[in-house]
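Notes to accompany the following structure.
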Amino acid sequence: MSEPDSEGETMGRPGLEGGICQPETEFSGASAAREPAIDRRAIPAAARESLWHGVDGAPIRRIDIPACAPSGAVRGSLLFMPGRGDCYEKWLETLVHWARRGWQVTSADWRGQALSGRLGMDATTGHVEDFELWLADYAHLWKALKAESPGPHVAVAHSMGGNLALRAVAEKRVDPDALVLSAPMLGIHPAHVPARVLRPVARVIRALGDPARPAWKVNERPEIVRRARAFLLTHDRDRYADEQAWYEARPGLVMGPASWGWIVAALGSIRALEKRGVLEAVTTPVLLIGTSADGLVSWPAIRRAARRLPHGELLGFGKEAAHEILREADPVRDKALARIEDFLNRAAPARG
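Whatever position you read off the sequence shown (first residue = 1), add 1481 for my numbering.
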């Protein structure tokens, strides 16, 4: 991997470069299959990887994909944030999909993940002391994006990223015109045990050793780990294989277990959103997408949040979908993308 450009340089290249563009069309589930294919295992030529700097100056990776609008009309700006142990490389197919619909798309690492360093005791354990660090970084990035990019401005986030994005909106740190949450981490498994019960137990375990130590062991048989993860993440074997291809191309992306410090911090962030009146005060339109078959985050918690949000909408799937809905098999992914487009057209209509 080449070194990212430093912050402050011009972001992006002309939107018609890189082979990502196509004539503008209305999106429906059926039309997704007719989009020109992209190479999910290569950074688009039109994209630009760079570094921005967190609230304390820490260098953090980002990618910007310019809007691909042959008519010249930019639809708006979209910030996508991935989940725990995640990297934006996995989501390139969907990021390009939005760029083809006129969105100026940005994504970034969470500090301490992917190629933005580590906060723990080794190269693979995902650690953080408090989600406040990530909330501050997210608000800092959002402020910069609003200043440099056209509106409407919308936020999309997956899993842990969904928890952080919703908290940032609820705490008025960011102000998107619309928010889309894919399998947001509003509860974790075992889903039938409330976070208020899990957190005190996790705090005791964290105190028994280094908080940065991994919360579970890495299986010594990698093929078993890969099969288990594939079952939890997506039914689409090719899209799942993209992840391993990226790990081989960029070994520094690899992350393993979360730390006990992360477990306690995550449960604390979940509890912050569970407090009475927090979600009820959110005025931003929010679309939540989840699946009852999710083996990582709590589907009941997602349903409860949708009911609590004054302008909340819910798209639910069953056993046909695993955790990474936007990397699922085409019938699921197409339905989710069509619903997102409909939601954004209503909640954050194009300006001008």
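Backbone N, C-alpha and C fix where the C-beta goes; we use that ideal spot for every residue, glycine too.
Item: Close-in-space but distant-in-sequence residues of the same chain around D1723 (CB under 7 Å, 5 per side omitted); Value: R1521, R1522, K1571
Item: Burial state of A1550, where buried means 16 or more other Cβ atoms lie within 10 Å; Value: buried
Item: CB contact flag (R1680, V1745, <8 Å); Value: yes
Item: Sequence-distant residues of its chain with Cβ nearer than 7 Å to Y1535 (five each side left out); Value: The amino acid at residue 1535 is misidentified as Tyr; the sequence shows Gly. Excluding positions up to five away in sequence, the list reads I1541, R1592, D1618, H1621.
Item: Alpha-carbon to alpha-carbon, P1830 and M1641; Value: 27 Å
Item: Buried or exposed by the 16-neighbour rule on C-beta atoms within 10 Å, applied to K1756; Value: exposed
Item: Distance between beta carbons of P1633 and G1749, contact taken as under 8 Å; Value: G1749 to P1633, Cβ: 32 Å. No contact.
Item: Same chain only: Cβ atoms within 6 Å of V1586, ignoring 5 sequence neighbours per side; Value: I1546, L1559, L1576, W1579, A1580
Item: Member of L1790, I1770, F1561, D1775 whose CA lies at the smallest distance from the CA of T1764; Value: L1790
Item: Opening and closing residue of the alpha helix (DSSP H) in which W1741 lies; Value: 1741-1755
Item: Buried versus exposed, by CB contacts within 10 Å (16 or more), K1816; Value: buried
Item: Assumed close pair L1796, R1827 - CB separation to whole angstroms, cut-off 8 Å; Value: 14 Å between Cβ atoms; not a contact.
Item: Beta-ladder partner(s) of A1638, from DSSP; Value: M1562, L1662
Item: Neighbourhood of A1683 by C-beta, 8 Å cutoff - its chain only, sequence neighbours within 5 removed; Value: W1741, I1744, V1745, L1748
Item: Cβ contact check for the stretch 1710-1726 and the stretch 1649-1658: 3 or more pairs under 8 Å; Value: no
Item: Check whether A1786 and L1807 have beta carbons under 8 Å apart; Value: no
Item: Euclidean distance between Cα positions of S1779 and G1799; Value: 13 Å
Item: Of the residues D1823, D1811, F1824, the one placed nearest E1516, counting alpha carbons only; Value: D1811
Item: Buried or exposed (CB count within 10 angstroms, at least 16 for buried), H1673; Value: exposed
Item: Contacts around R1599, its chain only, beta-carbon distance under 7 Å, and the 5 residues preceding and following it disregarded; Value: G1593
Item: Length of the line joining the Cα atoms of W1623 and V1661; Value: 15 Å
Item: Residues that DSSP places opposite Q1585 in a beta bridge; Value: S1558
Item: Where P1675 falls: helix, strand or coil (DSSP); Value: coil
Item: Separation of N1644 from V1650, as counted between CA atoms; Value: 10 Å
Item: For L1616 and R1648, believed in contact at Cβ under 8 Å, the rounded distance; Value: 6 Å
Item: Cβ-based burial, A1730 [other Cβ within 10 Å; buried from 16]; Value: exposed
Item: Start-to-end residues for the beta strand (DSSP E) that takes in I1544; Value: 1540-1546
Item: Proximity of I1544 and S1588 at Cβ, strictly below 8 Å; Value: yes
Item: 8 Å Cβ shell around A1803 - same chain, five flanking residues per side excluded; Value: F1712, L1713, L1714, T1715, H1716, T1772, A1774, D1775, G1776, E1809
Item: Residue nearest to I1524 in terms of C-alpha spacing, selected from F1561, A1539, E1574, G1538; Value: E1574
Item: Reference G1564, options G1538, S1531, G1607, closest by Cα; Value: G1607
Item: M1562 and D1691 closer than 8 Å at C-beta; Value: no
Item: H1716 - DSSP class collapsed to helix/strand/coil; Value: coil
Item: C-alpha gap between L1614 and P1781, whole angstroms; Value: 28 Å
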